[in-house]
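Peer 1: Residue numbers (my numbering): 3 to 447.
As structure tokens, this is what we get:
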């Protein structure tokens, strides 16, 4: 009897204290705080811009194209010829032994400039492809970082949930040993711990996959260890949808690339029309003449001559086909530009509305769902202590709060991703449309 009373006394003293600890530990929805070196997004972006193979390849293609402008503008190579007479040609002034000749072709006026313009527009196109490649890699790095942050956060929350359930198990054990609870409550909480272990295993595998993706984008070793991601801030949009659409029309790299292809095809069409005109070739020949048997004043005197020739663009069907091909290419590139423009406008609008929706979801979690779930858990704890709420109801309340915390951080991450997609769609950097107001997933959230 004395032993039973002692157990009761201990349970009444310790149980409220343990419940208070449980309540304090479980209600936080904060991002993980860890002494491990923090992984910061700006550093990752800088590293990707420097090391990513796709960016390096696009940059080299652009730089390579820059060198072709002068190549396309240059004159064709001159021709130097040497003719040796196996049998000398006898003339009045002596036998001709060999001929040295040189000639240079000059394209018709405007052709070289058009070829240079085509090369210039190709260079401009590859420049914008390079910019688009950078933007896409940055988008992928940021998405991977946000996914990594989300997974690190929910892993941390799940770990804390395990500790919480361990405390629940201890409380249930005390109640069972003092005759105030059932053994099945202990078994229930052990099942919950096993369920969380399974969830943790799945989250850790997802985290490893994201880390491999991020290492690939950074051109690192696939299994290189990454630090704990620093919590990114939520940034507010300070401009409207229409202004974003106008910015996208001016700044989206794919649109600028498509515009460069239109200009390139227009120059190609002009060049095709120029092919109807002939090119001029000028040449000079030096003829070495030996002394002949006749005693004439020019005996053995070497000869010079000059020549002019033109090509004859008489194959009209070929020339017409070239012009028609160039004309159809212009039409195709304009259609491509319209397609990219439509896609860009859709992506901007879609991202804009998704940002608004995600912000509303975050506010719903912060202002309603999380406070309600915390209050429900506190009520369940108090009811379980008083013996008017079952242990299963307490577990349900904690599970609801856990899922709501997961939902909050998922909405938080989705908001960041939609901002990222808007940056990519509009081809702009954050400072061009953010108000500077930030919010974070802190206790106030």
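Note that beta-carbon positions come from the ideal geometry of N, C-alpha and C, so glycine has one too.
Please work out which residues of its chain come closer than 8 Å, Cβ to Cβ, to residue 99, disregarding the five sequence neighbours upstream and downstream, and give them in chain order.
Peer 2: Taking the chain shown and counting its residues from 1, the one referred to as residue 99 is at position 97. Here the set comprises 86, 87, 90, 290, 291 and 292.
Peer 1: Taking the alpha-carbon positions, what's the residue 212 to residue 335 distance?
Peer 2: Counting from 1 along the chain shown, the entry for residue 212 is found at position 210. Counting from 1 along the chain shown, the entry for residue 335 is found at position 333. One C-alpha to the other measures close to 37 Å.
Peer 1: The beta strand (DSSP E) with residue 90 in it runs from where to where?
Peer 2: Translated into positions along the chain shown, residue 90 becomes position 88. Here the beta strand (DSSP E) through residue 90 covers 81-93.
Peer 1: Mapping the DSSP letters down to three states, classify residue 298 as helix, strand or coil.
Peer 2: Here the question's residue 298 lines up with position 296 in the chain shown. Coil at residue 298, not helix or strand.
Peer 1: For residue 131 versus residue 408, is the C-beta spacing smaller than 8 Å?
Peer 2: Locating residue 131 in the chain shown gives position 129, where the first residue counts as 1. Locating residue 408 in the chain shown gives position 406, where the first residue counts as 1. No, they are not a contact pair.
Peer 1: Just to confirm the assignment, what range does the alpha helix (DSSP H) spanning residue 197 have?
Peer 2: The residue you call residue 197 lines up with position 195 of the chain shown. That run of the alpha helix (DSSP H) goes 185-219.
Peer 1: Can you grab the Cα-Cα spacing for the pair residue 425 / residue 225, in whole Å?
Peer 2: As a first step, residue 425 is located in the chain shown; it is residue number 423 there, counting from the start. As a first step, residue 225 is located in the chain shown; it is residue number 223 there, counting from the start. Their backbone Cα atoms lie some 29 Å apart in a straight line.
Peer 1: Are there 16 or more other CB atoms within 10 angstroms of the CB of residue 145, so buried, or fewer, so exposed?
Peer 2: By one-based count along the chain shown, residue 145 stands at place 143. Residue 145 is buried by the Cβ-count criterion.
Peer 1: Return the CA-CA distance between residue 54 and residue 127, expressed in angstroms with no decimal places.
Peer 2: Here residue 54 corresponds to residue number 52 of the chain shown, with the count starting at 1. Here residue 127 corresponds to residue number 125 of the chain shown, with the count starting at 1. About 20 Å.
Peer 1: Whose CA, out of 281, 394, 362 and 354, lies closest to the CA of residue 108?
Peer 2: In the chain shown, the residue the question calls residue 108 occupies position 106. The residue with the shortest Cα to Cα distance from residue 108 is 281.
Peer 1: Quick check: residue 234 and residue 46, are their CB atoms within less than 8 Å of each other?
Peer 2: By one-based count along the chain shown, residue 234 stands at place 232. By one-based count along the chain shown, residue 46 stands at place 44. Not a contact, by the Cβ cut-off of 8 Å.
Peer 1: Just mark residue 344 as buried or exposed, buried being the case when its beta carbon has 16 or more other beta carbons within 10 Å.
Peer 2: Residue 344 sits at position 342 when you count from the first residue of the chain shown. Result: exposed.
Peer 1: Considering residue 74, what are the terminal residues of the alpha helix (DSSP H) in which it resides?
Peer 2: Taking the chain shown and counting its residues from 1, the one referred to as residue 74 is at position 72. From DSSP, the alpha helix (DSSP H) with residue 74 extends over 70-75.
Peer 1: Using CA atoms only, rank isn't needed, just tell me which of 393, 136, 330 and 271 is closest to residue 429.
Peer 2: Residue mapping note: residue 429 aligns to position 427 of the chain shown, counting from 1. Cα-wise, what sits closest to residue 429 is 136.
Peer 1: Of the choices 284, 97 and 393, whose alpha-carbon is the least far from that of residue 305?
Peer 2: By 1-based counting over the chain shown, the position of residue 305 is 303. Comparing Cα-Cα distances from residue 305 to each of 284, 97 and 393, the minimum goes to 97.
Peer 1: Output the distance between the C-alpha atoms of residue 319 and residue 273, rounded to the nearest integer angstrom.
Peer 2: Taking the first residue of the chain shown as position 1, residue 319 is located at position 317. Taking the first residue of the chain shown as position 1, residue 273 is located at position 271. Going by the C-alpha atoms only, they are around 16 Å apart.
Peer 1: Taking the alpha carbon of residue 68 as the reference point, which residue from 124, 261 and 206 has its own alpha carbon closest?
Peer 2: The count along the chain shown starts at 1 and reaches residue 68 at position 66. With distances taken between Cα atoms, residue 68 lies closest to 124.
Peer 1: Taking the continuous alpha helix (DSSP H) assigned at residue 283, which residues delimit it?
Peer 2: For the purposes of this step, residue 283 is taken as the residue at position 281 of the chain shown. Run containing residue 283: none in the alpha helix (DSSP H); it sits in the beta strand (DSSP E), 282-291.
Peer 1: Would you call the CB atoms of residue 350 and residue 418 closer than 8 Å?
Peer 2: Start at 1 with the first residue of the chain shown, and residue 350 comes out as number 348. Start at 1 with the first residue of the chain shown, and residue 418 comes out as number 416. Not closer than 8 Å, so no.
Peer 1: Between residue 384 and residue 251, what straight-line distance do the alpha-carbon atoms span, to the nearest angstrom?
Peer 2: Against the chain shown, residue 384 aligns to sequence position 382. Against the chain shown, residue 251 aligns to sequence position 249. Approximately 59 Å between the Cα atoms of the pair.
Peer 1: Can you tell which of 191, 244 and 303 has the C-alpha that lies nearest to the C-alpha of residue 93?
Peer 2: Here residue 93 is taken as the residue at index 91 of the chain shown, counted from 1. When each option's Cα is compared against that of residue 93, the closest is 303.
Peer 1: Put residue 344 into one of helix, strand or coil per three-state DSSP.
Peer 2: Position 342 of the chain shown, counting from 1, holds the residue named residue 344. In the structure shown, residue 344 sits in a helix (DSSP, three-state: H, G or I).
Peer 1: Express the C-alpha separation of residue 111 and residue 314 in angstroms, rounding to a whole number.
Peer 2: Along the chain shown, one-based indexing puts residue 314 at 312. Along the chain shown, one-based indexing puts residue 111 at 109. Approximately 16 Å between the Cα atoms of the pair.
Peer 1: Can you confirm whether the stretch 387-405 touches the stretch 320-327 when touching is taken to mean that 3 or more C-beta pairs between the two stretches lie within less than 8 Å?
Peer 2: No, they do not touch.
Peer 1: What is the C-beta distance between residue 368 and residue 420, in whole angstroms, given that I count them as a contact (C-beta under 8 Å)?
Peer 2: The residue you call residue 368 lines up with position 366 of the chain shown. The residue you call residue 420 lines up with position 418 of the chain shown. About 18 Å separates the two Cβ atoms, so there is no contact after all.
Peer 1: Answer with buried or exposed for residue 227, where buried requires no fewer than 16 other C-beta atoms within 10 angstroms of its C-beta.
Peer 2: Here residue 227 is taken as the residue at index 225 of the chain shown, counted from 1. Result: exposed.
Peer 1: Can you say whether residue 377 is buried or exposed, counting buried as having 16 or more other CB atoms within 10 angstroms of its CB?
Peer 2: What you label residue 377 is simply residue 375 of the chain shown in a count that begins at 1. Label assigned to residue 377: exposed.
Peer 1: Would you call residue 142 buried or exposed, if buried means 16 or more other Cβ atoms sit within 10 Å of its Cβ?
Peer 2: Locating residue 142 in the chain shown gives position 140, counting from the first residue. Label assigned to residue 142: buried.
Peer 1: Rounded to the nearest angstrom, how far is the Cβ of residue 342 from that of residue 238, given a contact under 8 Å?
Peer 2: On the chain shown, residue 342 is found 340 positions in, with the first residue counted as 1. On the chain shown, residue 238 is found 236 positions in, with the first residue counted as 1. Rounded, the Cβ-Cβ distance is 29 Å, inconsistent with contact.
Peer 1: Would residue 154 pass as a contact of residue 230 if the rule is Cβ separation under 8 Å?
Peer 2: One-based indexing of the chain shown puts residue 154 at position 152. One-based indexing of the chain shown puts residue 230 at position 228. Result yes, Cβ atoms of residue 154 and residue 230 sit closer than 8 Å.
Peer 1: Under 8 Å Cβ to Cβ from residue 298, same chain only, skipping five residues before and after it: list those, please.
Peer 2: Locating residue 298 in the chain shown gives position 296, counting from the first residue. Excluding residues within five positions, the ones whose Cβ falls inside 8 Å are 94 and 95.
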